[in-house]
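For the sequence shown, position 130 (counting from the first letter as 1) is numbered 130 according to UniProt numbering, and the numbering increases by one without interruption.
See structure below.
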Amino acid sequence: MLDINLFRTEKGGDPELIRKSQRNRSASVELVDEVIALDDQWRQRQFELDKIRQELNKTSKEIGKLKAKKEDASALIQSTEEIKKRLAAKETEVQEAKGTLDAKLVTIGNIVHESVPVSDDEANNLIVRTWGERRLEGNLKNHVDLCKMLDIVALEKGITSTCVSQELTGDGEEKYLIATSEQPLCAYHLGDRIYPAELPIRYAGYSTCFRKEAGSHGRDTAGIFRVHQFEKIEQFCVTSPNDNESWEMHEEMIKNSEDFYKEIGLPYQLVSIVSGALNDAAAKKYDLEAWFPASKTYRELVSCSNCTDFQARRLGIGYGQKKNDEQSKQFVHMLNSTLTATERTLCCILENFQKENGVEVPKALQPYMGGIDFLPFKLDSKQVARLQIK
């Protein structure tokens, strides 16, 4: 979430910067004013709470003086009970006001970086660079047919359900399956304080990932490009919030991904995602889109985001020496990037390395294939078609 001081002009904040960012995201600008109003309410209640505490402290000191003189303090002692009741009620008000404020604050996205293209249409994503020669032949097979011709995927068996109730979970039930290893890696430093000498921290996360694929609207239901369970290698880095270190790391991470696909030999384009398509945490995001020759289109294989201190602030992951002044507190910057989601990468390899009688194994992968450099088709197109009819 954002620093609440960004909303406070008297603290050097700039609410208009947040409004501009929200407009760039095609998100609600009114939320900014709602947060400012709720912050004012919380601070007023906090001020009132402090006044009651001062009153209680003053009364307690007066009681102490009377007792020291062996004078009657019963009236003041009785008044402290009333003050304590008001104090408890006000503490509840303050907690409720803070909860309402925080709930609204987390609905506002990170500040969009100035280099991000401003649009709510992903057709306007900025092409940063391209690499590789695209195959443009007109008779190339798609990865779905190639999987079948190689007989390497049991698509029908993969959707067979045996003795399982159709409704496995209901709405609101606790979920334990991660969508990406970014999530546990992000939480790994929950509540930590990280010092400059420890940074940057670079993690590589390998995990099985699980997705509902909600919102895909039936796209890519055939084959293994879009599946509910897949393997992924993720880059996750933690940096200093100072001296553009996270932005330098952002470029380093996307270069790692580019080098990976260059070594395999997959043509790609790198795009900077428009402001209206950024998730709330990202200040900027690159997508690496690889070339799929059968459909003659680039498709996303990598997302690389700089979330600055947006995640770290909510997780309480501080930077440097602990400071009492709220305004001077700093939080680390956190970044994430796909290296490879194995199923999607395999789909792209199949389409780009296909031949008339099979699929070549990229040279970079041959040492991991026991020296195998070619996978011959086990079925031809007619046999695959007959299987589909059955």
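We put the beta carbon where it would ideally sit given N, CA and C, even for glycine.
All values reported here derive from a predicted model rather than from experimental measurement.
* **Buried or exposed (CB count within 10 angstroms, at least 16 for buried), residue 385** => Mapped onto the sequence shown, residue 385 falls at position 385. The residue is exposed, with fewer than 16 neighbouring Cβ atoms inside 10 Å.
* Asked: Hey, out of 341, 337, 264, 382, whose CA is closest to residue 368's CA?
  -> Numbered from 1 along the sequence shown, position 368 holds the residue referred to as residue 368. Looking at the Cα atoms, 264 is the closest of the given residues.
* Asked: Got a sec? Which residues, its chain only, sit under 8 Å from residue 293 by beta carbon, not counting five neighbours each side?
  -> Counted from its first residue, the sequence shown places residue 293 at position 293. The answer, listed in chain order, is 134, 135, 136, 137, 140, 351, 352.
* Give the straight-line distance between the Cα atoms of residue 218 and residue 212, rounded to the nearest whole angstrom. => To locate residue 218, count along the sequence shown from 1; it is residue 218. To locate residue 212, count along the sequence shown from 1; it is residue 212. Because residue 218 carries a pLDDT of 49, less than 50, the predicted location of this residue cannot be relied on, and no value is offered for it.
* Between the Cα of residue 337 and the Cα atoms of 81, 129, 182, which residue gives the shortest distance? -> Here residue 337 refers to the residue found at position 337 when the sequence shown is read from its first residue. Minimum Cα distance to residue 337 is reached at 182.
* Could you tell me the distance, in whole angstroms, from the CA atom of residue 322 to the CA atom of residue 329? => If you number the sequence shown from 1, residue 322 lands on position 322. If you number the sequence shown from 1, residue 329 lands on position 329. Rounded to the nearest angstrom, the two C-alpha atoms are 7 Å apart.
* Distance, residue 361 Cα to residue 22 Cα -> Translated into positions along the sequence shown, residue 22 becomes position 22. Translated into positions along the sequence shown, residue 361 becomes position 361. About 46 Å.
* **Close Cβ partners of residue 196 (< 7 Å) along its chain, the five nearest in sequence each way excluded** => Within the sequence shown, numbered from 1, the residue matching residue 196 stands at position 196. The answer, listed in chain order, is 240, 320.
* **Contact set for residue 113: own chain, Cβ-Cβ below 6 Å, skip 5 residues either direction** => The count along the sequence shown starts at 1 and reaches residue 113 at position 113. Within the same chain, residue 113 has close Cβ partners 283, 284.
* To do: Identify, in the order they occur along the chain, each residue of the same chain with its Cβ nearer than 8 Å to the Cβ of residue 364, setting aside the five sequence neighbours on each side.
  => Here the question's residue 364 lines up with position 364 in the sequence shown. If we look at residue 364 and ignore the five residues flanking it on each side, its Cβ neighbours are 263, 264, 265.
* **Run of the beta strand (DSSP E) containing residue 315, from where it starts to where it stops** => Residue numbering aside, residue 315 sits at position 315 when the sequence shown is read from its first letter. Here residue 315 belongs to no beta strand (DSSP E); instead the alpha helix (DSSP H) covers 310 to 315.
* **Neighbourhood of residue 261 by C-beta, 6 Å cutoff - its chain only, sequence neighbours within 5 removed** => The residue you call residue 261 lines up with position 261 of the sequence shown. Hits under 6 Å: 268.
* Whose CA, out of 317, 115, 54, lies closest to the CA of residue 84? -> Start at 1 with the first residue of the sequence shown, and residue 84 comes out as number 84. Minimum Cα distance to residue 84 is reached at 54.
* Just reading off the beta strand (DSSP E) that residue 190 is part of, what are its end residues? -> For the purposes of this step, residue 190 is identified with residue 190 of the sequence shown, where counting begins at 1. Taken as a continuous stretch (DSSP letters only), residue 190 belongs to no beta strand (DSSP E), as it is neither H nor E.
* Of the choices 180, 130, 100, whose alpha-carbon is the least far from that of residue 398? -> What the structure shows of the chain is the stretch from 1 to 390, and residue 398 is not part of that stretch, so it cannot be assessed.
* **Helix, strand or coil at residue 284 [DSSP, three-state]** => Here the question's residue 284 lines up with position 284 in the sequence shown. If DSSP states are grouped into helix, strand and coil, residue 284 belongs with the strands.
* Asked: Under a three-way DSSP split, which group does residue 271 fall into?
  -> Within the sequence shown, the letter at position 271 stands for residue 271. Residue 271 falls in the strand class under three-state DSSP.
* Asked: Does the Cβ of residue 116 have 16 or more other Cβ atoms within 10 Å, making it buried, or fewer, making it exposed?
  -> For the purposes of this step, residue 116 is taken as the residue at position 116 of the sequence shown. With 16 or more Cβ atoms within 10 Å of its Cβ, residue 116 is classed as buried.
* Let me know if residue 215 comes out buried or exposed under the rule of 16 or more other beta-carbons within 10 Å of its beta-carbon. => Within the sequence shown, numbered from 1, the residue matching residue 215 stands at position 215. A caution first: residue 215 carries a pLDDT of 46, below 50, which makes its placement in the model unreliable, though a value can still be read off. Under this definition residue 215 is an exposed residue.
* Residue interval of the beta strand (DSSP E) (run including residue 374) -> The residue you call residue 374 lines up with position 374 of the sequence shown. Unbroken beta strand (DSSP E) run through residue 374: 374 to 376.
* Asked: Nearest to residue 331 by CA position, among 339, 62, 316, 210, is which residue?
  -> What you label residue 331 is simply residue 331 of the sequence shown in a count that begins at 1. Ranking 339, 62, 316, 210 by Cα distance to residue 331 puts 316 first.
* Asked: Which first and last residues belong to the beta strand (DSSP E) in which residue 99 is found?
  -> Position 99 of the sequence shown, counting from 1, holds the residue named residue 99. Counting along the chain, residue 99 falls outside any beta strand (DSSP E), though it belongs to the alpha helix (DSSP H) covering 74 to 105.
* Asked: Under the DSSP definition of a beta bridge, which residues are partnered with residue 340?
  -> Within the sequence shown, the letter at position 340 stands for residue 340. BP columns for residue 340 point to 233.
* Asked: Considering only the beta carbon of each residue, do residue 127 and residue 35 sit closer than 8 Å?
  -> Here residue 127 corresponds to residue number 127 of the sequence shown, with the count starting at 1. Here residue 35 corresponds to residue number 35 of the sequence shown, with the count starting at 1. No, the Cβ-Cβ distance between residue 127 and residue 35 is not below 8 Å.
* Should residue 374 go down as buried or exposed, given a rule of 16 or more other Cβ atoms within 10 Å for buried? -> By 1-based counting over the sequence shown, the position of residue 374 is 374. With fewer than 16 Cβ atoms within 10 Å of its Cβ, residue 374 is classed as exposed.
* What residues are listed by DSSP as bridge partners for residue 355? -> Taking the first residue of the sequence shown as 1, we reach residue 355 at position 355. In the DSSP output, where bridge partners are listed per residue, residue 355 has 358.
* Asked: Could you give the residue range of the beta strand (DSSP E) that holds residue 135?
  -> Reading the sequence shown from its first residue, position 135 is the one you call residue 135. Per DSSP, residue 135 belongs to no beta strand (DSSP E) and is neither H nor E.
* **Euclidean distance between Cα positions of residue 15 and residue 145** => Your numbering for residue 15 matches position 15 in the sequence shown. Your numbering for residue 145 matches position 145 in the sequence shown. Distance between the alpha carbons of residue 15 and residue 145: 54 Å.
* Chain-order list of residues whose beta-carbon lies under 8 Å from that of residue 191 (same chain, five-residue window excluded) -> What you label residue 191 is simply residue 191 of the sequence shown in a count that begins at 1. Excluding positions up to five away in sequence, the list reads 315, 316, 317.
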